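What follows is a short report on a single structure.
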Amino acid sequence: MSTSAPSNAYLELSENPVRFEAVNQVTNVFFDDSNKQVFAVRSGGVMGVVVKGPNENTKPINFRMEDHGPVISIKFSLDQKILAVQRTTTSVEFMNFNGMTVETEYSQQCKKNSAIVGFVWSQNNEVAFMTDHSVELYLVIPEKRSLKHLKTLSVTIQWFVWCSVSKTALLASAQGSHLQPVVFKPGSISKLPKVETEPGRMALERDVTLSTLYGVLSVLILRHQSGVQTAEVHIHTLNGLGQAPVKSHVLKLGLTGRFAINIVDNLVLIHHQASRSSLVFDIALPIESDGNVTYHTPIAPARSLKPATLSVPGLVEPQTHVCELYSPNWVVFQPNIVIDAKLGCLWHLNLCLRELCQQIQDLGICAQLILKREGGKDVLLEVLLLTIKQDRPPLKKIREFFNHINHVYRAWAEGELTSQIASPANAPINSKQACKPPVLIEQIDIYNNILQQLDKDEQFEKLEWILIAFVTSLSEYSIPAQHNINEMLLTTLVRRKKFSSLQQLLQYGVVSDSKPLACLLLSLGNVHPAASQLALDMLMRLNAVEEIQEVLLSQGQLLSALKLGNDNVSVRKFLDAAKTSGDPALFHSALHYFKSNPHFSKAWEDERLGEYAVMYESLFN
16 MSTSAPSNAY
26 LELSENPVRF
36 EAVNQVTNVF
46 FDDSNKQVFA
56 VRSGGVMGVV
66 VKGPNENTKP
76 INFRMEDHGP
86 VISIKFSLDQ
96 KILAVQRTTT
106 SVEFMNFNGM
116 TVETEYSQQC
126 KKNSAIVGFV
136 WSQNNEVAFM
146 TDHSVELYLV
156 IPEKRSLKHL
166 KTLSVTIQWF
176 VWCSVSKTAL
186 LASAQGSHLQ
196 PVVFKPGSIS
206 KLPKVETEPG
216 RMALERDVTL
226 STLYGVLSVL
236 ILRHQSGVQT
246 AEVHIHTLNG
256 LGQAPVKSHV
266 LKLGLTGRFA
276 INIVDNLVLI
286 HHQASRSSLV
296 FDIALPIESD
306 GNVTYHTPIA
316 PARSLKPATL
326 SVPGLVEPQT
336 HVCELYSPNW
346 VVFQPNIVID
356 AKLGCLWHLN
366 LCLRELCQQI
376 QDLGICAQLI
386 LKREGGKDVL
396 LEVLLLTIKQ
406 DRPPLKKIRE
416 FFNHINHVYR
426 AWAEGELTSQ
436 IASPANAPIN
446 SKQACKPPVL
456 IEQIDIYNNI
466 LQQLDKDEQF
476 EKLEWILIAF
486 VTSLSEYSIP
496 AQHNINEMLL
506 TTLVRRKKFS
516 SLQQLLQYGV
526 VSDSKPLACL
536 LLSLGNVHPA
546 ASQLALDMLM
556 RLNAVEEIQE
566 VLLSQGQLLS
576 ALKLGNDNVS
586 VRKFLDAAKT
596 SGDPALFHSA
606 LHYFKSNPHF
616 SKAWEDERLG
626 EYAVMYESLF
636 N
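First residue of the sequence shown? That's 16 in my numbering, and the numbers climb one at a time after it.
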């Protein structure tokens with residue numbers, strides 16, 4: 016469906032929209048925001064009802080029903096077994112659905128002297144009537160074709176918005192200046208504290224959005240400022256039962272006019288009809304705050320959606336229809352649904368993360384943004400590599416990039432450790448998937464996708480900088496560097512003869528001491544002698560006496576090895592080294608040391624040492 020688009024567009028409509036019969040004189044279209052389904056009702060249902068959604072792959076549902084008057088609202092229960100239809104302001108009709116046809120109707124009247132504003136399915140078999148005087152909760156009993164009253168909550172309602180994810184409704188009264196959240200649980204309704212808005216400030220239904228942001232239920236209110244001031248979106252977070260909703264974020268739009276709001280992957284998208292563009296906000300980014308409220312500006316310049324087309328039937332062959340973006344006919348639903356009832360299309364709004372990152376200049380902001388997006392791992396590594404390969408890469412920002420990566424990894428690792436300690440020994444460990452962040456970058460990812468791409472002669476200087484920055488960041492977050500990272504760092508520094516840098520990294524514990532690293536330094540000693548001394552120093556800090564002795568013996572420093580000796584050394588190994596040296600005085604000193612030391616008296620019972628005694632007598636009669 017999408018055509019070739021400007022590379023700077025970072026939002027797009029789904030390629031294959033849900034197609035339904037457009038609104039006309041015969042057909043009315045309704046949307047159920049709980050099941051994300053579109054109902055195309057022809058002639059009140061007599062000529063058929065076609066239900067499509069939530070996506071283009073879902074099999075359509077077709078049935079007919081009797082026409083008892085114009086349909087105001089129509090919705091399936093959450094398990095698709097009961098159809099509810101509102102035709103008047105005093106009652107709702109119910110029909111059991113077997114998957115193909117609807118059965119005999121049964122209805123429920125609301126309380127006397129009340130008018131139904133709307134209704135929602137709160138559970139598979141529980142329905143709530145929102146009337147102008149109360150919320151009425153009913154249990155639907157399909158076997159008996161009847162309903163049972165469960166609870167009534169007295170409250171004035173002019174309009175309401177519904178969040179199916181949290182089972183929460185936001186009830187508005189006094190022209191939208193009073194906003195009362197209520198949460199539904201099986202068999203019950205509970206009031207939450209009122210949303211504290213500016214006294215007397217009214218709000219329209221179209222300007223209020225109820226959704227979840229980073230797992231927290233939030234009320235987003237579009238506020239049109241007076242005078243020359245531009246519009247803002249005020250976000251009130253509902254943190255749970257008993258906790259008053261708090262105005263915690265303000266989105267500064269910098270525009271005036273008519274707007275619509277979507278939520279995609281916890282990003283707030285503000286669509287502006289007049290400029291035909293969209294703004295993106297991320298409330299998780301650390302921005303300017305007065306201690307209570309955080310003020311946000313768009314994370315990238317405003318951009319239009321990618322151009323989109325539809326394939327429509329033609330006289331000979333299908334033709335391409337260019338869709339009007341930001342059409343006056345568009346209606347948006349949460350979290351990411353756009354419907355054009357006159358065109359007969361339901362799209363899902365998608366984020367193009369790679370293109371969005373190209374519009375963000377600050378590398379640190381870019382890293383924080385990607386780390387919170389699903390499927391952002393490849394994009395993050397790509398952004399990092401492209402930045403490093405610049406002629407003059409911003410080393411300070413790259414270091415900040417690594418810090419954000421390691422901060423997320425450290426927090427995840429600590430959470431894993433805590434959950435495993437707290438869980439019973441026989442409990443299944445599912446915490447890894449439960450608390451894993453959207454993007455988790457491990458050391459092997461940096462090694463394979465970044466470091467190995469730079470391991471070339473012309474990139475050695477960059478590789479050195481990046482390795483030091485990454486290992487230093489790991490050290491700051493107390494994450495032990497893996498051996499392959501340390502190995503590449505040591506090899507790179509030795510090849511570039513940066514022994515002072517290497518010594519400092521070892522001295523300050525940025526590179527942790529280990530026997531494998533010491534062996535690596537020893538292997539580099541033939542090319543760069545200074546590496547051998549660094550290896551010996553490392554082994555000394557590790558108190559690896561036997562390994563140090565082996566090194567000294569291999570270097571012919573037999574007396575130095577003897578000084579480190581203990582009572583368990585191999586007499587034969589030392590004497591053999593002294594014999595191989597061809598120095599009679601050295602051989603004399605070694606044999607005299609073992610002969611005169613009582614700790615080695617039993618060692619001389621070994622018949623294999625007899626040859627050294629014979630050699631001693633031949634040299635010194």
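The beta carbon of each residue, even a glycine, is placed where N, CA and C say it ideally should be. Here the structure is a predicted model, which is why all the values come from computation and not from measurement.
Going by DSSP, name the residue or residues bridged to residue i.
{"i": "Phe109", "result": "Ala99, Tyr121"}
{"i": "Thr324", "result": "Val337"}
{"i": "Leu232", "result": "Thr227, Leu253"}
{"i": "Ile285", "result": "Ile276, Leu294"}
{"i": "Val56", "result": "Asn43, Val64"}
{"i": "Pro196", "result": "Leu185"}
Sort the options by Cα distance to residue i and report the nearest one.
{"i": "Thr640", "options": "Trp362, Phe144, Asp48", "result": "Absent from the model: residue 640. The displayed extent of the chain is 16 to 636, so no value can be given."}
{"i": "His419", "options": "Arg407, Val308, Val454, Met555", "result": "Val454"}
{"i": "Lys67", "options": "Gln458, Gln349, Gln190, Ala37", "result": "Ala37"}
{"i": "Ile375", "options": "Pro316, Thr212, Glu491", "result": "Pro316"}
{"i": "Pro157", "options": "Ser92, Gln467, Gln522, Ser129", "result": "Ser92"}
{"i": "Lys471", "options": "Arg510, Cys338, Ser293", "result": "Arg510"}
{"i": "Leu168", "options": "Gln190, Lys159, Cys125, Pro75", "result": "Cys125"}
{"i": "Ser179", "options": "His193, Leu590, Ser226", "result": "Ser226"}
{"i": "Val243", "options": "Gly269, Leu237, His249, His264", "result": "Gly269"}
{"i": "Gln467", "options": "Lys159, Asn499, Lys166", "result": "Asn499"}
{"i": "Ser203", "options": "His148, Ser263, Ser137", "result": "Ser137"}
{"i": "Asn139", "options": "Ala184, Asn50, Ile481", "result": "Asn50"}
{"i": "Ile76", "options": "Tyr153, Ile403, Lys200, Gly63", "result": "Gly63"}
{"i": "Arg318", "options": "Ser292, Pro343, Trp174, Tyr341", "result": "Ser292"}
{"i": "Ile380", "options": "Val135, Phe296, Asp94", "result": "Phe296"}
{"i": "Glu473", "options": "Trp427, Phe485, Thr507", "result": "Thr507"}
{"i": "Thr212", "options": "Lys166, Val265, Ser515", "result": "Val265"}
{"i": "Tyr637", "options": "His286, Gln518, Leu154", "result": "No information on residue 637 is available, as it lies outside the stretch 16 to 636 that the chain covers here."}
Report yes or no: is there a C-beta of chain B within less than 8 Å of the C-beta of residue i?
{"i": "Glu213", "result": "This model lacks chain B altogether; it includes just one protein chain."}
Should residue i be labelled buried (16 or more other beta-carbon atoms within 10 Å of its own) or exposed?
{"i": "Ser122", "result": "buried"}
{"i": "Arg556", "result": "exposed"}
{"i": "His311", "result": "buried"}
{"i": "Ile436", "result": "exposed"}
{"i": "Met80", "result": "buried"}
{"i": "Gln190", "result": "exposed"}
{"i": "Gly391", "result": "buried"}
{"i": "Arg414", "result": "buried"}
{"i": "Ala184", "result": "buried"}
{"i": "Arg216", "result": "exposed"}
{"i": "His164", "result": "exposed"}
{"i": "Thr119", "result": "exposed"}
{"i": "Ser515", "result": "exposed"}
{"i": "Asn31", "result": "exposed"}
{"i": "Thr100", "result": "Going by the sequence as given, residue 100 is Val instead of Thr. That one is buried."}
{"i": "Ala600", "result": "exposed"}
{"i": "Glu220", "result": "exposed"}
{"i": "Tyr523", "result": "exposed"}
Within the same chain, show all residues whose beta-carbon is closer than 7 Å to that of residue i, passing over the 5 residues directly before and after it, in chain order.
{"i": "Arg34", "result": "Gly359, Cys360"}
{"i": "Val327", "result": "Pro333, Gln334, His336"}
{"i": "Lys159", "result": "none"}
{"i": "Arg102", "result": "His83, Gly84, Pro85, Val86, Ile87, Glu108"}
{"i": "Met132", "result": "Per the sequence shown, the amino acid found at residue 132 is Val instead of Met. If we look at Val132 and ignore the five residues flanking it on each side, its Cβ neighbours are Met145, Thr146, Asp147, Ile172, Trp174, Phe175."}
{"i": "Phe199", "result": "Ser137, Ala143, Lys182"}
{"i": "Thr487", "result": "Val525"}
{"i": "Tyr492", "result": "Asn421, His422, Arg425"}
Ignore the nearest five residues each way along the sequence and tell me which others in residue i's own chain have a CB closer than 8 Å to its CB.
{"i": "Ser527", "result": "Pro495, Ala496, Asn501"}
{"i": "Leu536", "result": "Leu505, Val509, Ala546, Ser547, Leu549, Ala550, Met553"}
{"i": "Gln448", "result": "Residue placement at Gln448 cannot be trusted, given a pLDDT of 46 that sits under 50; what the coordinates show is reported in the next sentence. Within the same chain, Gln448 has no close Cβ partners at all."}
Grab me the residues of residue i's own chain with a C-beta within less than 6 Å of its C-beta, minus the 5 sequence neighbours each way, in chain order.
{"i": "His363", "result": "Ser29, Asn351"}
{"i": "Lys206", "result": "Val197"}
{"i": "Val261", "result": "Thr252"}
{"i": "Leu152", "result": "Ala143, Leu165, Lys166, Ile204"}
{"i": "Val248", "result": "Leu235, Leu237, Leu266"}
{"i": "Ile89", "result": "Phe45, Phe54, Val100"}
{"i": "Phe78", "result": "Val64, Thr116, Val117"}
With three or more beta-carbon pairs closer than 8 Å as the criterion, would you say the stretch 22-35 touches the stretch 105-116?
no
Could you say if the stretch 362-370 and the stretch 36-48 meet the contact criterion of at least three C-beta pairs nearer than 8 Å?
no
Inspect the CB distances between the stretch 226-239 and the stretch 253-269 and report whether three or more fall short of 8 Å.
yes
For the pair the stretch 421-437 and the stretch 398-410, tell me if three or more CB-CB distances fall below 8 Å.
no
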